[in-house]
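These notes are about the structure you will find just below.
See the structure below:
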């Protein structure tokens, strides 16, 4: 491509003329894989765009998209953009009230909905919106006013295409880089979400920058996607996969992920740290509970892998030791990921450095990146040849970074959003007149230019001794315990941090069965002295890795898991700290009246890893 395309649809048009695969996009549905070819994908986008045009969707208008990840999501998205309209994703995990706010706030004239099940959840909140003129179902259509099935919309488009065969190309080719491509509503931890306006120039700049950092092979690579396309991170990655000519398979869901990995056998995948933390936690528990010889081999392999450094791959002795560990112990890890995985990219939250080291030592190449929706979204990433554990990589090409006086990361570049939809005051708070975006993250740059994220600026708190505590790194360490599903660390103006801990009930069920006590009452076990003693030991071990003022001295057991519906989590599964602290205020107060946990002498450096 000699000339850079002016829009995403133009880029995809070039892609469809360069690459072809009979199974370009696949989806797991009712236990079977369904696939569409590159030609079918391009044709469906064109037919859907004609259908929307026949309905009267014009440039500058907004169309919402309420669905899980599936080929039709991308078909609708690219059809909307091809007409010059803007796609507005809505998470299926959103509450109906927030979904209504988003659709009403952006004044969407149409909405794509995955199926009747989702409509039963959201229909009552959306059906009476005056601006919403049509609801288009991907499957399981319901008989209601304003409702259409996607095939019916396409048939309407076919008639328009016969009358105006050049309309689609004219609309697509008439787009400019400055045209709005999407509005992505960020799931803030307080208040209503804000709509991030991203143009074609924003998204294209990010796509091309990622492309220079992450080489793919159209003939060999295949990706498995299980993260939601409504999230800017996964959406950008899928754009990149497809415009690089590689096949993509959408997993049937988190419940079928392990089976889907074995069936698809991907070479590349994106994930979030929580999945890797759980793989680690379950593996450690099983390995340490194995018979003596297997346990000895497991512990030796973990020790070797945990010391991994890049230079070990070129040392004959170290390579031999790693090879033994990988073949004897970590082979099952590779098989669990399908056996062909070349790249495993992680983002969305911080990945513990020692956990990343362990996976690299096991032969699973993990690359951590960093971004935010307001940056389209990628800002920095590690990659083959430029991978430094404990960092999120070097900033992408075309992105300037600097650290403010109070340690906040600021970025500037073509990828930075235009602003928040209809909220100029909120935009002015984080985007300066000369284009610098305040990320809200505390960060440093090391001597080689790698970016290190320290945590959220607003989340840090100060104890009554005047010491600052970054809760995210403590929470990250706590969640590596197999017994802990979620942890929230608090302690503003207190003598020491306290942790609200949500036990991992799924793991605890397996644990009790493994111990031959599968009939035990789970809730009683969680409140038992045995479990609390084990939890205290885990916290004390974790405390050894932190400075004295960072050590957790109090804890609260939270009976119910956090959820989006309960208000404790955002649709991207980030904890709403204000909600959690307010909801459990009395329990926190009671915990601080208890005797503090004993702590050992500060023999470990802050941040040093302590194995559970």
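Residue numbers (the working numbering): 16 to 627.
Ideal Cβ placement from N, Cα and C applies to all residues, glycine included.
Note that the structure is a prediction, hence the values are computed from the model and not measured.
486 is the residue among 202, 486, 436 whose C-alpha sits nearest the C-alpha of residue 565. DSSP, reduced to helix, strand and coil, places residue 530 outside both helices and strands of the structure shown, so it counts as coil. Taken atom to atom, the span from the alpha-carbon of residue 187 to that of residue 231 is near 27 Å.
Runs of the beta strand (DSSP E) lying entirely within the stretch 199 to 225 and spanning at least 3 residues, in chain order: 209 to 214.
Leaving aside the five residues that flank residue 316 on each side, the residues in its chain whose CB is nearer than 7 Å to its CB run, in chain order, 340, 343, 344, 345. Within its own chain, the residues whose Cβ lies closer than 7 Å to the Cβ of residue 62, once the five positions on either side in sequence are excluded, are 169, 172, 173, listed in chain order. Within the DSSP bridge table, the entry for residue 162 names 150 as partners.
In the three-state scheme derived from DSSP, where H, G and I count as helix and E and B as strand, residue 289 is classed as helix. Taking a cut-off of 8 Å on C-beta distances, the stretch 89 to 98 does not touch the stretch 128 to 140, as fewer than three cross pairs fall below it. In the structure shown, residue 350 adopts helical secondary structure according to DSSP, grouped into three states.
Counting along the chain, residue 184 sits inside the alpha helix (DSSP H) bounded by residues 182 to 188. Inter-residue distance for residue 371 and residue 404 is about 7 Å (C-alpha atoms, whole angstroms). A contact between stretches requires three or more CB pairs, one per stretch, nearer than 8 Å, and the stretch 486 to 496 fails this requirement with the stretch 415 to 433.
Comparing alpha-carbon positions, the option among 279, 535, 456, 285 lying closest to residue 383 turns out to be 285. In the structure shown, the three-state DSSP call for residue 307 is helix. In terms of Cβ geometry, residue 117 and residue 208 form a close pair [threshold 8 Å]. Linking residue 456 to residue 476 through their CA atoms gives a straight-line distance of about 14 Å. Collapsing the DSSP output to three states places residue 96 in a helix. Following the DSSP letters along the chain, one finds residue 63 inside the alpha helix (DSSP H) bounded by residues 53 to 70. Partner residues in the beta bridge of residue 456, as assigned by DSSP, are 471. Boundaries around residue 104 are those of the beta strand (DSSP E), 101 to 105, since no alpha helix (DSSP H) includes it. The alpha helix (DSSP H) runs lying completely inside the stretch 384 to 466 and spanning 4 residues or more are 439 to 445, given in chain order. Between the stretch 212 to 219 and the stretch 38 to 58, the count of Cβ pairs shorter than 8 Å is below three; the stretches do not touch.
Pairing residue 502 with residue 571 gives a Cβ-Cβ distance that is not under 8 Å. In the same chain as residue 480, and ignoring 5 residues on each side of it, the C-beta atoms closer than 7 Å to its own belong to 564, in chain order. If you look at residue 132, you'll find it in the alpha helix (DSSP H) that goes 131 to 141. Note that the stretch 263 to 275 touches the stretch 240 to 248; at least 3 beta-carbon pairs, one per stretch, sit closer than 8 Å. Residue 79 is classed as buried because its beta carbon has at least 16 other beta carbons within 10 Å across all chains shown. Residue environment: residue 367 is assigned as buried (16 or more neighbouring CB atoms within 10 Å of its CB, all protein chains considered). For the 8 Å CB-CB criterion, residue 591 and residue 584 form a contact. Across the structure, residue 245 and residue 103 are spaced so that their CA atoms are roughly 9 Å apart.
In the DSSP assignment, residue 252 falls within the alpha helix (DSSP H) that extends over 247 to 258. Following the DSSP letters along the chain, one finds residue 603 inside the alpha helix (DSSP H) bounded by residues 600 to 607. DSSP places residue 549 in the helix class (H, G or I) of the three-state scheme.
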